[in-house]
Each structure stands twice: as C-alpha cells, then as structure tokens.
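Peer 1:
Residue numbers (the working numbering), protein chains in the order written: chain V, 102 to 535; chain E, 21 to 197.
Dropping the structure here:
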C-alpha cells in the first residue's frame, strides 16, 4: 500500500497530496471511532477491566522484551488493490486510510495495539478513547507524510524500521511497562487518607481546607485540616460542611455556622436538626419531627425556609449536598431509593435516579458533576457523572457483605468516599482523582 | 450424609484437586448445591437475588439461603420492621454510632427482575420437591420475554401462555417430607 500513494500512481504531485489528505482523514476517523467504541463498551466494565488491562500490558511488555512467546491475534490482509482502479481517488485513499486506521484488519508486529484496545475498554471513556486512538491513525498517516519532507521513499523508511526491529521492540516494551504502571495507578489513588486514630467519615473539602468527622472511643468531633498546615478540632461535633472560610456542623443543640479559622459564630439553627450542607447564604439540613423527617433549605441572610423533601419515620433522608445553586440528597426506604436534585433559583425539583432494588445514597455535588453511592447484593459502588449527561462512570467498587461506602464529597476533580466495615465499625476516607 | 451432599463433597474434592481451593469453595454444598440447587437440575438460571441462591419467603421477598432469615436487598439481615441487624438480632450501628436506617427490601421476581431486565415479571407456576427433609416449593418467575435469564430461548415451563419462564426461585415450606 505504501508504494501506492506516489505521484506516479496518483497522476501528479497535486493528486498525491489530495490522496494523502484523504488517507489521513480516513485513518484518523477510523481509529478515533475504534477508540470511541471501545471506550463506550468499557463504560460498563470499567472497574474490573483496569487490572486486566494492566496485566495485558505486562504480558505485552514481556513479549516485546523477549521474555515470553505470546501469539497475537492477527489479520494479514492487505488493502484491496482493485479499489484504486475502480473508485475515485478520494474514495480509495480514504478507504485505504480507514482500513489501516482500524488496526485489527492488518498485520500488527507488536502487542501494543491490542494493549491499547484493552486500555481503552478499561478507561471506559469514549472521548478519551477516541483522542488516544486518533494518535494511532495519525501515526499511520505520518509514515506516508515523512518521505515528502525528507525527499526519500516511504518503502525505505519501512525497511529502515524493519532493520531496527530490536530497538522497536525495546521501545514498545518500555512503553507497555509504563502503560501497566499507569493502569494500575488508579487503584492506588483510591487508598485511604491517613488521618490518625479512630473512624473518619463525612468528608468536606474546599480549596484551603479539608474537614471530616472523627469518632474515637464513642466521641465525635469535627477536624478541620487547613492546607497551610495544622489541625483545628471542634469537640462534640459532627457532620461538617465547609464553604470558603465558613464551617457548618452539627452539635447537641442543632447546627452551628462558624469561621473555621477563628471559631467565631456566624449563625445557628436550633432544634432537632442534623447533616448540614452550606453554600452561603444557603444552608440545607435535616429536621426531625415526631412523625416525619424534613429536608429544609434556609437563607441565612433573610431567614426564609423552604421545605425540599419529607419522609415518614422509618425512611431515610440523606445527607444533603449543595453547590452552584443546586441541592442533592437521597430518600430511601424499604420500597426503594431515589436521588433528588433541587434548583435553588427556579425551585424545580427532579428525581435524578430512582430504583426499587438498590440503595442509592449520599450524593455530592460540584458545579458540574454529581457523585453517589449505589449498594446492592453485597456490592457497593461509587458513581460519578456530569450533571448534563446521563452516562455514569464507576469511581470505585467494593464487593463484600461487610464493607460499604458511605458519605461522600466532591470538590473540583477530586472525590472523597467514606468506606466502612460493619464488623468493627472502622471508617476511612478514600481520595479518588476523577 | 445424603447421597446428594456426598456427591457435592466428592465433586468439590475432585475440583479442588484439579483447580485449587477457589474452585472447591465455589461448589461447597452449603452455598451452591449440586446441579444448581436441590430440586432443580440446572437449566433455567436463578433469579437475581442478594445471595447466589434465590431463596424467597411466601410473598417473594429475599431470605438468606443458609438459614432462611429475612435479608434486605443489600444482603443484610433485617428485623421484623426492616431495619438491618447483626447475627444476634441487635440493630446495626453506622460509623456515626447511630442505628442504620432501612434499606430497600423488594420482591425478587416482580421488582428485581422487572427493574434489571426491563420486563414485566410475575410469579406463576410452581412445583414441589423434597429437600433437606422438608417440602421445597420451586417457583417460576414468568415474563413475556422470549429470552430467559440465561440468554437463550425461554420455555413455557409452568407459566401461563403467553408467558415463559425467565428465572427460578425457591421457597422452603418447613413441611416435613
């Protein structure tokens, strides 16, 4: 094929340039489509595909390093020569590009392409898959474009590459090792944050600080860790929510709002209230009545109170999250569970997701994303998705009848998920980069 | 030891010798009885349920296979009010020191199958076998789907036309046999 796109075959240098352009377009579009489709397929299996892809990358590296003999799936077809006699130049050039850009229709001398396929599935992100695979199409095109610049023949470049096969294999082995390390890295990123003794849960993060509830020997306190260093402790408190320099937390008599650096009180909500979420001047919280539990939203500057939700005693109204003019929370009972979203500006309330079989709980909001926990059949999964999209991504998953995910927080591109074990009751906060 | 449990243990021993302990654990008689579950030679697969074996109560809600205690959809033991409890019957406590709220507890066929497979499913036919010295009622979860849970063509079984068997469950009656 490489001898085909020449001035002689195409008819002139101008037609050769057009053929190269259509070839590159075909290769780029085809390879991007492959990446997007693999990413789409992987969006359903992303959690377990990561270690599999990492393992394949290691096997590939061993193969290219000469440590193992592993056969590759191969198709040794060549591009159909009759096309260039029967079809117009744009069609056959683009067709040749697409054929090579797809990757699996032609010969693969190294394992890297197949590992890239596995990695795209593991990534589970169609757009990222498309962009990465487009680079493969670009590489295919580059092989035809290089001779134009150097004034040499494409066949000579291919033969030169063949002559350096050992070097090519070594480069691929190194690249595959790096790939394996990167694929294995996300699981390491989901490790617990070391926060000292006791249980840690109810994470709340902003730029200059991170807060959580620490429970040790049956006593709860709120800990604020400023990014500048040090730690501030609010004893007999729990369920912190940070907003800039302000901190809302639950204490025996209700909810307090303070400046976390100084402890100066800014406001309070008395009564049987709990689980505050602060985005000044709005404070969302749960209020317990004898027969119901309410979710209220209070404007701390005017005192206006809106009732966002209500469930009877026995059902659960979850820890709310508030960001960018929205409030999210969960409502769960024995008949099912729902994640709800309220727009403060418009007053619209919508059910983001609902199920009769799983427990959806503890959503968190950022300005663009929503994170939540889904539990069923001994599997606890943290999902995240963009607010304007419908497709969710698996952030973390644990399969156990004894270990569950619990409260969450989302700040920018960092997610925080509490993982706790029923036996022993220890809870740890995981930090996961999106 | 019954002949079935003997065969189960024999199979586990052979598989254990060939494939290691993980395989042997997978066919332990308590968790996965030989040939699907007692009274049902493996053809149509189990309905999805908190545990691998789809044990239900009379109303179709999930029970823990090994002892028949009620569980919620997460697989946690629950008390009569639906609150999660531990083995001793005490309310489960969350990391904040408070009792955990209720989780969903819904019917395996009508709710689980309907939501997971987007089909209209209901309990129809059933038949009976003697298992562990008591009468076991084997229950068909029936739907209009032409495919069963295995992915291949569904059979009529004990369902009423036009419904076919989608998956199967069982209910231990406690009546001696």
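Just so you know, even glycine gets a beta-carbon here, dropped at the ideal spot from N, CA and C.
Compare the Cα-Cα distances from residue 380(V) to each of 389(V), 116(V), 445(V) and report the closest residue.
Peer 2: As a first step, residue 380(V) is located in the first chain; it is residue number 279 there, counting from the start. The candidate whose alpha carbon is nearest that of residue 380(V) is 445(V).
Peer 1: Taking the straight line between their C-alpha atoms, what separation do you get for residue 537(V) and residue 279(V)?
Peer 2: Absent from the structure is residue 537(V), since the part of chain V shown begins at 102 and ends at 535.
Peer 1: Buried or exposed: residue 323(V), going by 16 or more other Cβ atoms within 10 Å of its Cβ?
Peer 2: In the first chain, residue 323(V) corresponds to position 222, counting from 1. Residue 323(V) comes out buried.
Peer 1: So the candidates are 130(E), 193(E), 158(E); which of them puts its Cα closest to the Cα of residue 164(E)?
Peer 2: Reading the second chain from its first residue, position 144 is the one you call residue 164(E). Nearest option by C-alpha distance: 130(E).
Peer 1: Based on the DSSP secondary-structure assignment, which residues constitute the bridge partners of residue 336(V)?
Peer 2: Residue mapping note: residue 336(V) aligns to position 235 of the first chain, counting from 1. Residue 336(V) is bridged to 322(V).
Peer 1: Relative to chain E, which residues along the region 339-363 of chain V have a C-beta separation below 9 Å, given in chain order?
Peer 2: From the region 339-363 of chain V, only 339, 340 have a Cβ closer than 9 Å to chain E.
Peer 1: What are the complete beta strand (DSSP E) segments, minimum 3 residues, inside the region 454-485 of chain V?
Peer 2: Qualifying beta strand (DSSP E) stretches, in chain order: 460-466, 470-477.
Peer 1: Could you give the residue range of the alpha helix (DSSP H) that holds residue 116(V)?
Peer 2: On the first chain, position 15 is the one that residue 116(V) refers to. Segment 114-143, the alpha helix (DSSP H) holding residue 116(V).
Peer 1: Going by the CB atoms, is the gap between residue 458(V) and residue 124(E) shorter than 8 Å?
Peer 2: Position 104 of the second chain, counted from the start, is the residue given in the question as residue 124(E). Position 357 of the first chain, counted from the start, is the residue given in the question as residue 458(V). Yes, the Cβ-Cβ distance between residue 124(E) and residue 458(V) is below 8 Å.
Peer 1: Would the region 117-135 of chain V count as touching the region 182-198 of chain V if we require 3 or more Cβ pairs under 8 Å?
Peer 2: Yes, the region 117-135 of chain V touches the region 182-198 of chain V.
Peer 1: Identify the continuous alpha helix (DSSP H) that holds residue 187(V) and give its terminal residues.
Peer 2: Locating residue 187(V) in the first chain gives position 86, where the first residue counts as 1. It spans 184-187 - the alpha helix (DSSP H) in which residue 187(V) sits, taken as one unbroken run.
Peer 1: Closer than 7 Å, Cβ to any Cβ of chain V: which residues of the region 71-93 of chain E, in chain order?
Peer 2: Within the region 71-93 of chain E, the qualifying residues are 93.
Peer 1: What separation, rounded to the nearest whole angstrom, lies between the Cα atoms of residue 385(V) and residue 345(V)?
Peer 2: Residue mapping note: residue 385(V) aligns to position 284 of the first chain, counting from 1. Residue mapping note: residue 345(V) aligns to position 244 of the first chain, counting from 1. Cα to Cα, the separation comes out at about 16 Å.
Peer 1: With respect to the alpha helix (DSSP H) encompassing residue 64(E), which residues constitute its N-terminal and C-terminal limits?
Peer 2: Locating residue 64(E) in the second chain gives position 44, where the first residue counts as 1. Unbroken run through residue 64(E): none, as it is neither H nor E.
Peer 1: Is it buried or exposed for residue 500(V), if we count other Cβ within 10 angstroms and need 16 for buried?
Peer 2: Indexing the first chain from 1 puts residue 500(V) at position 399. Result: exposed.
Peer 1: Flag residue 100(E) as yes if its beta-carbon sits less than 8 Å from any beta-carbon of chain V, otherwise no.
Peer 2: By one-based count along the second chain, residue 100(E) stands at place 80. Cβ-Cβ to chain V under 8 Å: no for residue 100(E).
Peer 1: Mind pulling the chain E residues with CB within less than 8 Å of residue 458(V)?
Peer 2: Locating residue 458(V) in the first chain gives position 357, counting from the first residue. 93, 124, 126, 131, 132, 135, 136, listed in chain order.
Peer 1: Determine, for residue 117(E), whether the minimum Cβ-Cβ distance to residues of chain V falls below 8 Å.
Peer 2: Along the second chain, read from residue 1 onward, the residue named residue 117(E) stands at position 97. Yes, its Cβ sits closer than 8 Å to a Cβ of chain V.
Peer 1: Is it right to say residue 430(V) is buried, meaning 16 or more other beta carbons lie within 10 angstroms of its own, or is it exposed?
Peer 2: Looking up residue 430(V) in the first chain gives position 329. By the neighbour-count rule (16 or more Cβ atoms within 10 Å), residue 430(V) is buried.
Peer 1: In three-state DSSP terms, what is residue 430(V)?
Peer 2: Your numbering for residue 430(V) matches position 329 in the first chain. Strand, per DSSP.
Peer 1: Exposed or buried, residue 115(V), counting other C-beta atoms within 10 Å across all chains shown (16 or more means buried)?
Peer 2: Reading the first chain from its first residue, position 14 is the one you call residue 115(V). Its Cβ having fewer than 16 others within 10 Å, residue 115(V) is exposed.
Peer 1: By the three-class DSSP mapping on this structure, what secondary structure does residue 530(V) have?
Peer 2: Within the first chain, numbered from 1, the residue matching residue 530(V) stands at position 429. If DSSP states are grouped into helix, strand and coil, residue 530(V) belongs with the strands.
Peer 1: With 8 Å set as the bound, which would you pick, yes or no: does the beta-carbon of residue 187(E) sit closer than that to a beta-carbon of chain V?
Peer 2: Looking up residue 187(E) in the second chain gives position 167. Judged by the 8 Å Cβ criterion, residue 187(E) is not in contact with chain V.
Peer 1: If you drop the 5 nearest sequence neighbours on each side, which residues of the same chain put their C-beta closer than 6 Å to that of residue 328(V)?
Peer 2: For the purposes of this step, residue 328(V) is taken as residue 227 along the first chain, with counting starting at 1. Within the same chain, residue 328(V) has close Cβ partners 309.
Peer 1: Which value, in whole angstroms, describes the spacing of the CA atoms of residue 103(E) and residue 93(E)?
Peer 2: Here residue 103(E) corresponds to residue number 83 of the second chain, with the count starting at 1. Here residue 93(E) corresponds to residue number 73 of the second chain, with the count starting at 1. Each residue's alpha carbon lies about 12 Å from the other.
Peer 1: Would you mind sorting residue 165(V) into buried or exposed? The rule is 16 or more other CB atoms within 10 Å of its CB.
Peer 2: Residue mapping note: residue 165(V) aligns to position 64 of the first chain, counting from 1. Burial call: buried.
Peer 1: Using beta carbons (cut-off 8 Å, strictly below), is residue 113(E) in contact with chain V?
Peer 2: Within the second chain, numbered from 1, the residue matching residue 113(E) stands at position 93. Yes - at least one Cβ of chain V is within 8 Å of the one on residue 113(E).
Peer 1: Checking the sheet assignment: what are the DSSP bridge partners for residue 355(V)?
Peer 2: Residue mapping note: residue 355(V) aligns to position 254 of the first chain, counting from 1. For residue 355(V), which the question treats as bridged, DSSP gives the partners 352(V), 371(V).
Peer 1: Find out if the Cβ-Cβ distance for the pair residue 509(V), residue 465(V) is shorter than 8 Å.
Peer 2: As a first step, residue 509(V) must be located in the first chain, where it is residue number 408. As a first step, residue 465(V) must be located in the first chain, where it is residue number 364. For residue 509(V) and residue 465(V), yes; Cβs fall inside 8 Å.
Peer 1: List the whole-angstrom C-beta distance separating residue 305(V) from residue 342(V), where the pair is believed to meet the contact cut-off of C-beta under 8 Å.
Peer 2: Walking along the first chain from the start, residue 305(V) turns up at place 204. Walking along the first chain from the start, residue 342(V) turns up at place 241. 5 Å between Cβ atoms; contact.
Peer 1: Starting from residue 220(V), trace the alpha helix (DSSP H) both ways and give me its first and last residue.
Peer 2: Along the first chain, one-based indexing puts residue 220(V) at 119. It spans 213-224 - the alpha helix (DSSP H) in which residue 220(V) sits, taken as one unbroken run.
Peer 1: Nearer than 7 Å: is that true of the beta carbon of residue 202(V) relative to any heavy atom of the ligand PLP?
Peer 2: The ligand PLP is not among the ligands present in this structure, which contains no ligands whatsoever.
Peer 1: For chain E, check one thing: does any of its Cβ atoms lie closer than 8 Å to the Cβ of residue 436(V)?
Peer 2: Here residue 436(V) refers to the residue found at position 335 of the first chain. It does: the Cβ of residue 436(V) has a partner Cβ on chain E nearer than 8 Å.
Peer 1: Exposed or buried, residue 173(E), counting other C-beta atoms within 10 Å across all chains shown (16 or more means buried)?
Peer 2: To locate residue 173(E), count along the second chain from 1; it is residue 153. Looking at its Cβ environment, which holds fewer than 16 other Cβ atoms inside 10 Å, residue 173(E) is exposed.
Peer 1: Below 7 Å CB to CB, which residues in the same chain sit around residue 80(E) once its five sequence neighbours on both sides are set aside?
Peer 2: By one-based count along the second chain, residue 80(E) stands at place 60. These residues qualify, in order along the chain: 127, 128, 129, 130, 143.
Peer 1: Write down the C-beta distance between residue 284(V) and residue 168(V) rounded to the nearest angstrom, noting that I regard them as a contact closer than 8 Å.
Peer 2: Sequence index remark: in the first chain, residue 284(V) carries index 183 (1-based). Sequence index remark: in the first chain, residue 168(V) carries index 67 (1-based). With a Cβ gap of about 19 Å, residue 284(V) and residue 168(V) do not count as contacting.
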